[in-house]
Structure formats: C-alpha cells, structure tokens
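Numbering (the working numbering), first residue to last: 395 to 1019.
The structure under discussion appears below in the form of structure tokens.
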C-alpha cells in the first residue's frame, strides 16, 4: 500500500471520528435542552400543586381541584363570542361518532366536527397491537374563518344532525339562522373519507372582500414500525402541484423543516414509511405553509413526527357555499394509491425517472406476478433475483469475456513492462499496450460498460425493498419482518454508525461480497500496481456495506446476498463451459498477426507528441548537467 493510499484512509478515519464527535455534541445539547424543559415543567407542576393545595385548604371543598383549576384557566383563555349560540357551543365537550367499513374505523368528534381517531383494521403495529394511524386526540382539523371575529371550527361543538354507520352530518348554528355544516361519508371498501363543508347564510357574516378560507390540520403521527431510524428516514410531508407529474416534499432525513407555498396545491400527505394521511382538495388549495418536526426516539407518547399545515382554499360569497375535501387514511401500497386516480402513488419513494420507471413498470409487476402463485416472500425474492440475473446474463458474459481477453494477454503485457522499466518511459509503455489491445481487438473498457448498465437495476432494488409495503411484517427464516432489519444478537451497547444489534442477513451479504470481490480480483490481469484498489474492493467495501445495511431492510440484504452468490455461480459456469482461455489466446494472436497497420487515432497521436516532448525535456536536462 503506497503513501497516498495510507493518507487517504487516515483522512477517511478522521472524517468518521469527527462526524461521530459532532453527533455526540449535538446529542448532548439536545439532552441539555430536554433537561431544562423537564425541569421547567416540574417547577410549574409543583407550583400548580402548591396553589391547588392552598385553594383546597382555604375553601375546604371536596371538588377535584385539578378540574377547578383547569376550568378557571379555560375561562380566562377562552374568547368571548358575540354570537350566543357560538358562546354556548364553545363550552360543550362534544361527543364521539364512529363510521366504519371493512378497511377502517373512523371516529369523529362533534367538537370541531373533525377526525378524532383512525383504526386500520387489516394491519398491526410492530408490537402486534392495533394500528391507529391517528390516536385519540392526536389530530386537530379546523376551518379558519373571519366572521366578525376569528373563528376556528375546532373550538366549537357541532350539533349531530344525522348519523349512520357510514355517514355523519354535523352543524354549527349561528343566531341569524346561518350555519356551517360538515358532512362525512365513508364508502365501503375504501380508505378515502369524503368531507363536504357547507356554509349557509354566512355571506351576511363574512365580509365581501374575503376571498379565501383557512384550512388548518395538525397531526401527531405515531410510531408504527420496529426500526425508528428506518421509519424516520422514509417519513416526511409530500405535496403535489396541479398538472405536475412529480411531487415535492419537505425533505427526507430532516429533523425539522418548513415550506411556504405561494401557488396552488392539489393535495398534501403526512407520510410515514408505510402509511399516510392525505388531504385532497378537488378545487385545490390556493396557498399555505407546511412544517414537520420529529420527536425523539423514546418519547413517552410514542409519536414519530409532528405535522402542521395551514392552507387556504378559494371562497366565493353566496347564500350557500360548498367546499369538498377527501381524507386518505391508509397504506403506502403503490397500486392501492394509484387506484384513487389522484397520483397518490407518487409518494412511494421508488427513485427518479429511470430508477422509478424500472421499479414501477418491471419490478412491481414481476413481484405481484410471483405473489399470485407464491405466498412466501423469501421465495419470491429468490425467484426475482434469479429472474433478474438471467435477464442480465448476456451483460455478465460480455464483461467476463472482456476481462478474460485482458487476462490471457498478461504475458504480452509483461514483455512490454520489461521493455520499458523506467518511469520516464511510462508514456511509451502505455502506447505499446494500447497498440497491442487495438491489434487484438480488446477494449480496455469492454468490461466496465456491461457493469455500468447493471447499476440502474442495482439502485432500483435499493429503493424498492425499503419502500415495498408487501414486505411489511412478512417473516422469512430468522427475520420477523423483511421490511426492517433482522436481529440475531442484541448488543448491550450501541456502536457508532453500526447500531446495537447484529443483522445476520447483512453479515452474510458482506461475506458474499468478500468472496465475490476475491474472485473478481483473481480474474484481473494484474493487481501488482494497485494495492490500494485491492484493499478497497476486497476488504473496505464489504465492511462498508455491512455497516450500511445493518439497519436497513433485511429483504434488501437478503437480495444482495443472493445476487452475489448467484453471480459467483454464473462466473464459475461461464469459465468452465463458455470460455476456453487457450483457444481465446490463440484467436487473439491470429487476429493480431492478420491485422493491418491501422491509422493512429487522435489520442495515440497525442500520446506520441507527449512522449516526444518528454524525451526532448530529458535531453535538455542531461545537456545542462
């Protein structure tokens, strides 16, 4: 290993250590802030308890003091409404109304006429408990209206006008006979709930210059998956502009983000790794602000991310105004999302135009086809891997042939190296090597191009498996869930960048990568001049992938492991049955002997010119001495 290679690895190590130190510094600062917050909360709680105790002693009352204190606080904080019906509605607690179909149970509250709780019947959390996409009270949805004073519909208790198992109508009445009505409908077999907001007689209360109504929705997304980091990495807020093919987002792997939108938006999604809550407006939102903030991993409420939206919809004054909306509460399953014909499927992170096209058109359809016959997803991944390897086998053969041609020419290359041992003859040595390759018809990059053509498939699978809803909670061998990491050993400590567990699939993948690299290196013509490259390929890359994949989807590690082992088998088969290196060498010699002197390329002419200039400089230096 040369000096430059050693320096390179020292720098890489220094960067990794610096990164770990920086992360630990940030973590300590977060812990300090949390301690300050917790201390402040404790002081306030103690002060409230002291005040409550004083009140109890002074009055000698048996009423629950906390209730009395909260009531006093609410009375002070609550605004006074000019409308007597609104004033009364602001003091009512409200009631719960349940809508249900075969897919979900949507619980509404008349306090704000809004979603209160959402249970998805077909799915479970990582701990096998019921999957609540919205926990009770974790959502706050409100129409923001200025009607003489600022009104948030979430502050008022609506009157339940009508209710069935699949629909509910709630109304907020005003003194002058005006009212705001929220009508919810939950169709059978759907993850979509329809909301129709109707304003009757409100034109007398809302000024004529008002051109928009606010729509605010704040939601605490609960943790649903086993791996916090993996779930966090695939969670964000996504939104779509009308007419655009692509979607925008606030950014993956960002602890906190905010985006102001000054143009129309068709819908936005509070997206988790495998589930989303989406609000769609057929008439489009005119503008708004979206923001996200992740909770710490071990927060007591079990929340993942706090999502906030403050949007605007167009308002046209009239005796009766209707505003339609649709809520989607369901899985990030590609074909399920696509069935609603609103481009919801674009929230699934399948990659850019080429990578995404491979996943959408080829991989997903192949996966679903195999799933029609086989229920075991480990077997499906095996068959999918074999199928992919068979499709790209011509590229694998071409790459091997190119490498074999260079390997059988190794004796000729060694003769050229012996002819030009001096460093100053490096250009001449390169010229003759290239001339040899040209006479024999060998391309220096012939083995690289087929490998490069395989990269899109490699990256497509890297995006497919972590985003594949089908793998969620599907077990195979020792893996309980192919969508997240498998753990055969839980460590009593956490290793930076690696984690606190050992993934066997990731370990087997790294081992297969080592053997594959070793076979590849042995096939190369010569490794003597590239010790650093040999170290990188043989040791560093398997170790790097082991660290990288330890917290990734076990299905992904399993696929890479299978891919490496199948490639090793392919290489052995090709070498034994498809390539005769003695016959190949004879063929190259015959081609070199029969080839006519060819006109030098511009690159070769440039090399000749550089060599002449180099020799001229050497002669001048020797003359000065």
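Cβ coordinates follow ideal geometry from the N, Cα and C atoms, glycine included.
Nothing here was measured: the structure is a model prediction, and the numbers come from that model.
Less than 9 Å divides the Cβ of residue 950 from the Cβ of residue 859. Counting along the chain, the unbroken beta strand (DSSP E) around residue 590 starts and ends at 586-594. Cα atoms of residue 701 and residue 667: separation of roughly 15 Å, rounded to the nearest angstrom. Counting the other Cβ atoms within 10 Å of the Cβ of residue 540 gives fewer than 16, which makes it exposed. In the three-state reduction of the DSSP assignment, residue 959 falls in the helix class. Between residue 804 and the set 827, 914, 790, the nearest pair of CA atoms involves 827. Membership of residue 565 in the beta strand (DSSP E) is indicated by the continuous run 561-567.
By alpha-carbon distance to residue 584, the top candidate from 497, 567, 622, 848 is 497. The residues 691, in chain order, have a CB closer than 6 Å to that of residue 622 in the same chain once the five nearest residues on each side in sequence are set aside. Looking at the backbone, the Cα of residue 809 and that of residue 915 are separated by about 22 Å. With a beta-carbon spacing of about 28 Å, residue 478 and residue 509 fall beyond the 8 Å limit used to define contacts. Separation of residue 789 and residue 500 (C-alpha to C-alpha, rounded to the nearest whole angstrom) is 52 Å. In this structure residue 806 is buried. Its beta-carbon is surrounded by 16 or more other beta-carbon atoms within 10 angstroms. For residue 642, the three-state secondary structure derived from DSSP is strand.
In this structure residue 578 is buried. Its beta-carbon is surrounded by 16 or more other beta-carbon atoms within 10 angstroms.
A distance below 9 Å separates the beta carbons of residue 876 and residue 771.
Going by beta carbons, residue 707 and residue 717 fall inside the 9 Å limit. Membership of residue 806 in any beta strand (DSSP E) is not indicated; the residue belongs instead to the alpha helix (DSSP H) covering 804-813. Around the beta carbon of residue 767, fewer than 16 other beta carbons sit within 10 angstroms, so the residue counts as exposed. Under the DSSP assignment, residue 499 falls in the beta strand (DSSP E) whose first and last residues are 498-503.
By a beta-carbon distance limit of 8 Å, residue 649 contacts residue 688. Their separation comes to about 5 Å.
Judged by DSSP secondary structure, residue 771 falls within the alpha helix (DSSP H) whose first and last residues are 771-785. Contact check for residue 854 and residue 746: beta-carbon distance about 10 Å, past the 8 Å limit, so the pair fails to qualify.
DSSP lists no beta-bridge partner residue for residue 759. By the neighbour-count criterion, in which 16 or more other beta carbons inside 10 Å mark a residue as buried, residue 694 falls on the exposed side.
With contacts defined by Cβ atoms closer than 9 Å, residue 611 and residue 673 form a contacting pair. Each residue's CA atom was taken as its position, placing residue 722 and residue 515 some 15 Å apart. Annotation for residue 933: 908 place their beta carbon closer than 8 Å to its own, counting only its chain and skipping 5 residues before and after. The C-alpha of residue 952 is placed about 17 Å away from the C-alpha of residue 895. Residue pairing of residue 577 in beta bridges, as defined by DSSP: 563, 590.
In this structure, residue 591 and residue 714 do not form a Cβ contact; the two beta carbons are roughly 12 Å apart against a cut-off of 8 Å.
Taking a C-beta distance under 9 Å as the contact criterion, residue 504 and residue 564 qualify as a contact pair. Under the three-state reduction of DSSP, residue 656 is assigned to coil, being neither helix nor strand. As computed with DSSP, residue 492 is found in a beta bridge with 501. Closest option to residue 960, judged by alpha-carbon separation, among 906, 680, 935, 941: 906. With respect to the 9 Å criterion, residue 566 and residue 507 are classified as neighbours on the basis of their beta carbons.
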